[in-house]
Each structure stands twice: as C-alpha cells, then as structure tokens.
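The numbering of the sequence shown is my numbering, which starts it at 201 and goes up by one. Idealized CB from N, CA, C, for every residue including glycine. Keep in mind that this is a model prediction, so the values were computed, not measured.
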Amino acid sequence: MEYFNTRRTVRQYTSQHISDEEINEMLEAAMHAPTCGSMQLYSVVVSRSDEEKAALAPAHFNQPSVTGASAVLTFCADFNRFTRWCELSGAKPGFRNLQSFISAALDAVILAQQFVTIAEMRGYGTCYLGTTAWNAPQIIDALGLPELVVPVITVTLGVPASMPQVQPRLPYKSLVHYGHYDNYTPERIGQCYDDFEQLPANKAFVDENNCQSLAQVFTDVRYPLEANEQFSKIFVEMLSKSGFFKENP
Ligand SMILES: Cc1cc2nc3c(=O)[nH]c(=O)nc-3n(C[C@H](O)[C@H](O)[C@H](O)COP(=O)(O)O)c2cc1C
201 MEYFNTRRTV
211 RQYTSQHISD
221 EEINEMLEAA
231 MHAPTCGSMQ
241 LYSVVVSRSD
251 EEKAALAPAH
261 FNQPSVTGAS
271 AVLTFCADFN
281 RFTRWCELSG
291 AKPGFRNLQS
301 FISAALDAVI
311 LAQQFVTIAE
321 MRGYGTCYLG
331 TTAWNAPQII
341 DALGLPELVV
351 PVITVTLGVP
361 ASMPQVQPRL
371 PYKSLVHYGH
381 YDNYTPERIG
391 QCYDDFEQLP
401 ANKAFVDENN
411 CQSLAQVFTD
421 VRYPLEANEQ
431 FSKIFVEMLS
441 KSGFFKENP
C-alpha cells in the first residue's frame with residue numbers, strides 16, 4: 201500500500217535517458233491489463249526525439265513536461281487494426297459507432313494506467329496530459345493517425361528531478377456508497393470539500409484568480425463552460441472524421 205498511498209504526479213525530469221528496451225518491457229507488462237473482449241483496442245505511439253516531442257508540444261499547450269520528458273507516450277483508442285483483421289478474415293466489422301469508441305477508449309486508458317503504475321513503481325516520474333482529448337485533431341496530424349485511431353490520453357515519462365508533495369484526496373467515505381447512491385445534502389457537500397477548501401495551496405489559488413470561492417476557480421478559470429463546449433464540439437467532429445460515426449459500407 202505504501203506505493204499507492206504516496207504516489208504523485210511528477211512534471212519535471214532530469215536529462216537521464218530511459219532506454220527503448222525498458223519502455224517496451226514496461227509496455228509489454230502493462231498489456232496484461234484487462235481488455236474488452238481480449239481485443240486490445242489500443243495503440244501506443246512513443247515519441248522520443250526532440251523533434252517528435254516538439255511536434256506534440258503545442259497540442260499540449262506547451263506544457264514543459266512534454267519537451268522535458270525522456271519519452272512521451274500517446275495512448276490511442278484503436279479499432280483500425282481489429283477492423284482490418286476482420287475484413288481480411290471475411291468477418292463484417294460493426295465498429296463505426298460510439299459504443300465501439302467507448303470500448304476502445306476504456307482499453308487505452310486502462311493500459312495507460314497500468315503503464316503509469318509500473319513506471320512509478322520503478323521510481324520513474326509520470327504525468328498524464330488530458331490536453332490529448334482537447335486537441336486530438338492536432339495530435340492526429342502530428343502522429344499520422346489513420347481512421348478509427350483516436351488519441352485519448354498522453355503520459356510523459358522521465359527520471360524525477362524532484363519529488364513533489366503527495367496531493368491530498370477527498371475523504372474516501374464521501375465518495376463511496378453502499379447498496380444505493382446516497383445523494384449529497386448541503387451538509388455532506390461540506391464534509392466532502394471543507395478540508396479541501398482550507399488547504400493553503402487552494403486558498404492561494406482563490407486569491408491569485410480573484411475568485412470568491414475555490415469552486416469558482418474550477419468553473420470560471422480552469423474549466424469554463426465556453427472552453428468545455430468548444431472542445432466538445434471539436435472532439436465530436438474529430439470522432440466523425442475518424443470514422444467512428446460512419447455507417448458500415
Ligand atoms: C485525465 C487526466 C488529465 C490530466 N491532465 C493533466 C495535464 O494536462 N497536465 C498536468 O500537469 N497534469 C495533468 N493530470 C495530472 C493531475 O493534475 C494530477 O493527477 C492531480 O493533480 C493529482 O495529483 P497527483 O497525481 O500528484 O496525486 C491529469 C490527470 C488525469 C487523470
């Protein structure tokens with residue numbers, strides 16, 4: 201439990217190189233993760249050179265962990281390979297739909313988390329980049345992803361330059377429901393978030409952003425409605441272009 205209770209995201213890395221062999225070994229082990237119908241509906245693109253990382257950086261709003269990483273791994277939902285296998289085998293694929301995308305996206309995310317756990321347990325630092333789904337069209341271009349291959353999450357990997365503090369979590373009792381969903385009264389909302397709001401870093405967040413509350417930092421600054429709607433539109437268009445909403449021929 202020690203690892204799980206103290207793990208944290210690492211965004212700054214030394215210049216130490218992690219070998220292709222070791223990355224492949226960790227990926228191969230991670231691929232023992234559960235997978236929908238044993239189909240392994242994912243592909244991983246590993247970016248190693250400065251040029252490859254620089255090509256991805258703008259899609260991740262130039263977060264420094266991209267160019268500073270030893271490797272950047274883009275985990276993609278992939279129904280391309282499986283569809284091709286079906287077509288070559290006289291089987292009629294029916295995967296150009298949202299349900300299939302969700303299955304492939306879940307597979308890719310579970311693989312990514314398994315990889316992160318293995319890498320962190322070896323002492324490496326990792327950082328997820330949710331910007332992958334925001335700017336998926338740019339990543340599709342940068343990596344040359346074909347139809348039915350959609351990037352869902354990115355992980356940066358490196359040797360930690362320093363270890364950040366462990367981030368607190370909400371009280372687990374506020375998040376777990378037994379038997380039925382126990383909906384949140386205002387009092388229970390307080391039990392969930394009061395301590396979180398009192399954390400010095402979060403109080404500073406409120407002041408720096410001239411907000412009235414921590415919740416407003418999330419709604420007005422970090423994840424505002426306009427941005428959520430804009431990136432949703434881009435994502436739905438991209439899914440359509442990637443062939444996930446097409447009728448089967
Ligand atoms: C879906 C997802 C997207 C994330 N996107 C980013 C990101 O774009 N940039 C970043 O620095 N961290 C990102 N993170 C890392 C979170 O910020 C981090 O997990 C969270 O603050 C908790 O900190 P901890 O992992 O150290 O416990 C992401 C994590 C997840 C699960």
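- Following the DSSP letters along the chain, one finds P386 inside the alpha helix (DSSP H) bounded by residues 386–398.
- In the three-state scheme derived from DSSP, where H, G and I count as helix and E and B as strand, V376 is classed as coil.
- Here the stretch 291–301 does not lie against the stretch 212–228, with fewer than 3 beta-carbon pairs under 8 angstroms apart.
- Counting the other CB atoms within 10 Å of its CB gives H260 a total of 16 or more, which places it among the buried residues.
- The alpha-carbon separation between P371 and Y384 amounts to approximately 14 angstroms.
- Within the same chain, and ignoring the five residues on either side of R207 in sequence, the residues whose Cβ sits closer than 6 angstroms to its Cβ are E320.
- With contacts defined by Cβ atoms closer than 9 angstroms, L329 and S270 do not form a contacting pair.
- Here Y393 is not near A427, since their CB atoms are 9 angstroms or more apart.
- Sorting V406, A361, P346 by C-alpha distance to the C-alpha of S440 places P346 at the top.
- The residues S270, G358, V359, in chain order, have a CB closer than 8 angstroms to that of Q216 in the same chain once the five nearest residues on each side in sequence are set aside.
- With a 10 Å radius around the Cβ and a threshold of 16 neighbouring Cβ atoms, W334 comes out buried.
- A contact between stretches requires three or more CB pairs, one per stretch, nearer than 8 angstroms, and the stretch 237–248 meets this requirement with the stretch 304–318.
- Of the residues assessed, M201 falls on the exposed side of the cut-off, its CB having fewer than 16 other CB atoms within 10 angstroms.
- Distances from the CB of P364 to the heavy atoms of ligand 1 include at least one below 8 angstroms.
- In the structure shown, D382 falls within a coil segment according to DSSP collapsed to helix, strand and coil.
- The DSSP-derived three-state label of A269 is coil.
- In the DSSP annotation of this structure, P364 is not part of any beta strand (DSSP E), being labelled neither H nor E.
- For S247, the enclosing beta strand (DSSP E) stretches over residues 242–247.
- Sorting M226, T267, L399 by C-alpha distance to the C-alpha of T214 places T267 at the top.
- Per DSSP, I223 is one residue of the alpha helix (DSSP H) stretching across 220–230.
- Boundaries of the beta strand (DSSP E) around L329: 325–329.
- Between M438 and A336 a beta carbon distance of about 5 angstroms is seen, short of the 8 angstroms cut, so the two are scored as contacting.
- The C-beta separation of G237 from L348 comes to about 16 angstroms, leaving the pair out of contact by the 8 angstroms criterion.
- DSSP places T235 in the coil class of the three-state scheme, outside both helix and strand.
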